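Q: I'd like to ask you about the structure that follows.
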Amino acid sequence: MTASADIGAEIIVHLARLAQSGGDHRLTTAQWSALRFFARANRLSRTPSAFSAFHATTRGTASQTVKSLVELGLLERHRSESDGRSVRYDLTEAGREALADDPLRALSERLEQLPENERGQLLGALQTIAGDLAVIRESNAFGTCADCAHCDSGADRSSFCRCAAETLRVCDMEALCVEFRPRNAQGDPQEHAH
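Just so you know, we're using this note's numbering here: the sequence shown kicks off at 102 and counts up by one.
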């Protein structure tokens, strides 16, 4: 292991802590993470178990975090239209307003100031590292439908998810998905399974 790799890892961890240290202190780091997740996740992934996988925590801890956000009026629970046994959580208006004070906003603003090509290279490198680490940890790799091996896009700009067997809406294409599978450089699914 090179010193620069160790320093890079420490900088990433330090940056994450520093970025999460500001904002509304009535929410914990886990609650902020959940609020962000439910704001960005597609309709099929807005569940406590999907948040558990995303946040790399136990289902019990994730459920308690989600429950606390419901009690604060930032999330609301809905029964699934297709399966009455499952539930989905959506942000309330208060939840959307709370995200205006998201402590990660300052970090996002700094990233936005980078030249576009540098920002793209950094994002690509971080996505690769996150995907590789997810494989090593036997965890889910999260990404968007637009970059997923399960997604078929038609010439008419329609998209279909083979995993969920559903037509995707435009808003789904940039949303996080728990069933995400990265494509390799040729656009095929990665060989490894999670």
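The beta carbon of each residue, even a glycine, is placed where N, CA and C say it ideally should be. As the structure is a computational prediction, the values presented were derived from the model and not from experiment.
Would you mind sorting Asp273 into buried or exposed? The rule is 16 or more other CB atoms within 10 Å of its CB.
A: Label assigned to Asp273: buried.
Q: What are the boundary residues of the beta strand (DSSP E) that includes Ser254?
A: Unbroken beta strand (DSSP E) run through Ser254: Cys252 to Ser254.
Q: With DSSP collapsed to three states, give me the class of Gly244.
A: Residue state, collapsed to three classes: strand.
Q: Pull up the CB-CB distance for Pro283 and Gly232, whole angstroms please, since I reckon it's below 8 Å.
A: About 5 Å; that satisfies the 8 Å criterion.
Q: Does the beta carbon of Lys168 come closer than 8 Å to any beta carbon on chain D?
A: No chain D appears in the structure shown, which is made up of a single protein chain.
Q: Among residues of its own chain, excluding the 5 on either side of Phe155, which ones have a beta-carbon nearer than 6 Å to its beta-carbon?
A: So the list reads Phe138 and Phe243, once near-sequence residues are dropped.
Q: Less than 8 Å between C-beta atoms, sequence neighbours within five positions excluded: which residues of the same chain meet that for Leu212?
A: Excluding positions up to five away in sequence, the list reads Arg220 and Leu223.
Q: Helix, strand or coil: which one does DSSP assign to Thr268?
A: Strand.
Q: Residue range of the beta strand (DSSP E) that Glu177 falls in?
A: Unbroken beta strand (DSSP E) run through Glu177: Leu176 to Arg180.
Q: Using the C-alpha atoms, what's the distance from Cys252 back to Glu194?
A: The straight-line gap from Cα to Cα measures roughly 30 Å.
Q: Helix, strand or coil: which one does DSSP assign to Leu145?
A: Leu145 falls in the coil class under three-state DSSP.
Q: Determine the direct distance from the alpha carbon of Ser209 to that of Arg263, and round the result to whole angstroms.
A: Using only the alpha carbons, I get a separation of about 32 Å.
Q: What do you get for Ala265, buried or exposed, if any count of 16 or more other CB atoms within 10 angstroms of its CB means buried?
A: Ala265 should be labelled buried.
Q: Measure from the alpha carbon of Thr158 to the alpha carbon of each residue in Cys249, Leu277 and Asn241, then state which is nearest.
A: The candidate whose alpha carbon is nearest that of Thr158 is Asn241.
Q: Can you grab the Cα-Cα spacing for the pair Asp203 / Ala131, in whole Å?
A: Each residue's Cα considered, the two are about 12 Å apart.
Q: With 16 other CB atoms within 10 Å as the buried threshold, where does Arg189 fall?
A: It is buried - the Cβ of Arg189 has at least 16 other Cβ atoms within 10 Å.
Q: For Ala106, is the classification buried or exposed, using 16 other Cβ atoms within 10 angstroms of its Cβ as the cut-off for buried?
A: Flag for Ala106 reads exposed.
Q: Between the Cα of Ala199 and the Cα atoms of Ser153, Ile112, Val236 and Ala140, which residue gives the shortest distance?
A: Per the Cα distances, Ala140.
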